[in-house]
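Under my numbering, the sequence shown has 242 at position 13, and the numbering climbs by one with no breaks. The beta-carbon is built from N, C-alpha and C at its ideal position, and this holds for glycine as well. Here the structure is a predicted model, which means the values were calculated and not measured. Structure, as structure tokens:
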Amino acid sequence: FCQPSGWQLFPERNPPTFFVAVLTDINSERHYCACFTFWEAVESPQSHARSGEGEEEEEEEEEEKASSPVQPAQLFAPKSLVLVSRLDHAEVFRNSLGLIYTIYVDGLSVSLENVIGNLLTCTIPITGGAQ
Numbered sequence: 230f231c232q233p234s235g236w237q238l239f240p241e242r243n244p245p246t247f248f249v250a251v252l253t254d255i256n257s258e259r260h261y262c263a264c265f266t267f268w269e270a271v272e273s274p275q276s277h278a279r280s281g282e283g284e285e286e287e288e289e290e291e292e293e294k295a296s297s298p299v300q301p302a303q304l305f306a307p308k309s310l311v312l313v314s315r316l317d318h319a320e321v322f323r324n325s326l327g328l329i330y331t332i333y334v335d336g337l338s339v340s341l342e343n344v345i346g347n348l349l350t351c352t353i354p355i356t357g358g359a360q
């Protein structure tokens, strides 16, 4: 449900999208699923096909890339952040997922676990600490 138009690679980065889907469980209770989808660069499938070649061939390939006027196209794959809640607060969901996305894209030194913990107002235990 997070990628209603299907999962496919795109030749260019699309702008992020946001929507809320409402799921109803067996007890007729609603669950609001906020979906924030963005596109992330992925390696070309052609580079995976050549990954078994030796170092000498890799050096030749890099020389060819540098001298070749046509570079292989970069592809972008969709990635979705999903927040599920029993509360209907679409704007809060959009802002929260947008903040997580911004921190991820900007590569800030704050860990995503701490950001999500702060958004949920819970304490994140120290790694390897007492459980």
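query, result
"Supposed contact pair Y261 and L316 - C-beta distance, whole angstroms, cut 8 Å", "7 Å"
"Closest residue to P240 among F248, E320, L326 and V271 (Cα-Cα distance)", "V271"
"Sub-8 Å separation of L310 and L326 beta-carbons", "yes"
"Nonlocal neighbours in the same chain, by C-beta distance under 6 Å from P244, ignoring five residues either side", "none"
"Cα-Cα separation between D407 and L328, rounded to whole angstroms", "Examination of residue 407 is not possible in this model, given that the chain is present from 230 through 360 alone."
"Cut-off 7 Å between Cβ atoms - residues of its own chain near A306, not counting five sequence neighbours on either side", "L238, W268, E269 and V271"
"Extent of the continuous alpha helix (DSSP H) run through L238", "Taken as a continuous stretch (DSSP letters only), L238 belongs to no alpha helix (DSSP H), as it is neither H nor E."
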